[in-house]
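These notes concern the structure reproduced below.
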Amino acid sequence: MSEDKIDYLEEVQPRLMTGDAKGALTMAEKALAHDSKDHQAWRIKGMILQMLGRNEEADDALARAALHDESGIDTKIGQAMEKAMAGDAAGALQIYQELLNEDDSLYEVWSAAAMILSETGQKEESVKAAQRAVQLAHEEPSLHFTLGHCLRLAGRSKEALESFSKTLDRDPTHGLAWYEKGMVLEQSGDLKGSLSCYDQMLALSPDDPVATQAKEIITKRIAEQDGEGQAQA
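The numbering of the sequence shown is my numbering, which starts it at 24 and goes up by one.
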């Protein structure tokens with residue numbers, strides 16, 4: 024797969040974890056627009072369609088995935104994602120570990136495992152897995168995003184900001200990196216910096232409800248701060 028397609032697919036899991044199934048489906052379809060034989064993208068599309076209740080389309084997508092997957096690796100990654108979405112984090116991690124036992128250079132597996140480890144509270148383990156992914160493919164923007172995400176949830180804000188900046192240096196259109204960078208800046212008290220990040224994400228995804236709500240909250244807080252400052256003056 025090309026770098027662009029890997030970027031799209033790396034954005035699927037974070038979107039699913041926030042309940043944005045339609046956004047995740049869009050990422051899978053963008054990958055398929057680059058390569059109609061991308062079996063991993065077909066499998067991911069099939070799983071998302073199942074979640075959305077579009078079973079006939081899902082069956083077709085999964086059949087295409089099986090047709091084009093010669094190595095079987097991406098099928099296993101897809102099976103792990105199915106388990107993760109069904110709440111079986113341990114089962115997903117077991118599949119990822121089996122894949123890494125066979126080939127520990129599979130950076131996309133390290134990254135996917137890092138996301139699950141992070142969401143299940145294994146924060147330092149998730150950071151280590153994400154760092155390993157970055158070491159293996161340092162120029163992949165999505166891997167720096169995954170590392171930033173794991174660092175943010177581990178409470179390591181300064182390092183998270185550095186990772187999000189590296190993501191955006193490589194791909195300024197990475198909306199989730201803008202969003203999570205905004206979250207970190209908001210938590211640190213840099214409201215105007217945070218607002219700028221949310222504006223960047225909305226420039227890329229104008230209808231994103233999460234970024235829209237975040238911007239509304241930050242705008243209100245900034246107005247309140249400005250009002251307090253004027254009152255004190």
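Yeah, the Cβ is synthetic: ideal placement off N, Cα and C, and Gly gets one too.
Contiguous beta strand (DSSP E) elements confined to the region 128-190 do not occur, taking only those with 3 or more residues.
Annotated as distal: A107 and I67, with beta-carbon spacing of 9 Å or more.
Taken through DSSP and simplified to helix, strand or coil, L75 comes out as coil.
Within the same chain, K60 and H62 come within 6 Å of H91 by CB-CB distance, once the 5 residues on both sides are set aside.
Distance from the CA atom of A115 to the CA atom of G144, rounded to whole angstroms, is 15 Å.
The Cβ neighbour count for P164, taken over all protein chains shown within 10 Å, is at least 16; the residue is labelled buried.
Exposure of G42 is indicated by the presence of fewer than 16 other C-beta atoms within 10 angstroms of its C-beta.
Per DSSP, G46 is one residue of the alpha helix (DSSP H) stretching across A44 to H57. In the assembly as shown, T196 is an exposed residue. Its beta-carbon has fewer than 16 other beta-carbons within 10 Å. Contact between the region 173-191 and the region 144-157 is present: 3 or more CB-CB pairs across the two stretches fall below 8 Å. Here the C-alpha atom of Q117 lies approximately 28 Å from the C-alpha atom of E52. Distance from the CA of S217 to the CA of E209, rounded to the nearest whole angstrom, comes to 5 Å. Cβ neighbours of M224 within its own chain (closer than 6 Å, five residues either side excluded): G198, W201, Y202 and A234.
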